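Going letter by letter, the sequence shown gives residues 721 to 786 in the numbering used here.
The beta carbon of each residue, even a glycine, is placed where N, CA and C say it ideally should be.
All values derive from a computational prediction rather than experimental measurement.
Below is one structure, written out as structure tokens, with a few remarks after it.
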Amino acid sequence: MTKTSDQWVYGIHAVEAALRHEPDNIQALWFVTPLTNARLLQLQQQAEQLGLPLNQAQRAELDRRS
């Protein structure tokens, strides 16, 4: 989600790009739980290093929010 437009960005590649190019525009990241995908774990670690808020939810909850 960005600060200016409350826009959701989904997908590993899109989130990677946002973390790389626009980390200041990210309000928080949401991850599906349980987090077992190695690439998602890397994204989570990168977001933690940037000091971004992290949230986890079941897939059904994330689908509902999208």
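Identify whether residue i lies in helix, strand or coil by the three-state DSSP scheme.
{"i": "residue 748", "result": "coil"}
{"i": "residue 766", "result": "helix"}
{"i": "residue 760", "result": "helix"}
{"i": "residue 774", "result": "strand"}
{"i": "residue 723", "result": "Reliability of the predicted coordinates at residue 723 is poor, the pLDDT of 48 falling under 50, and no value is obtained from them."}
{"i": "residue 743", "result": "helix"}
As a quick exercise: from the options, pick the residue whose alpha carbon is nearest that of residue i.
{"i": "residue 750", "options": "741, 740 and 764", "result": "764"}
{"i": "residue 726", "options": "783, 753 and 748", "result": "748"}
{"i": "residue 754", "options": "780, 786, 785 and 784", "result": "780"}
Would you mind reading off the limits of the alpha helix (DSSP H) that contains residue i?
{"i": "residue 781", "result": "779-785"}
Using the rule of at least 16 other Cβ atoms within 10 Å of the residue's Cβ for burial, across every protein chain shown, is residue i buried or exposed?
{"i": "residue 723", "result": "Residue confidence for residue 723 is low, a pLDDT of 48 falling below 50, so the modelled location carries little weight; the figure read from the coordinates is stated next. Exposed: under 16 other Cβ atoms inside 10 Å."}
{"i": "residue 770", "result": "exposed"}
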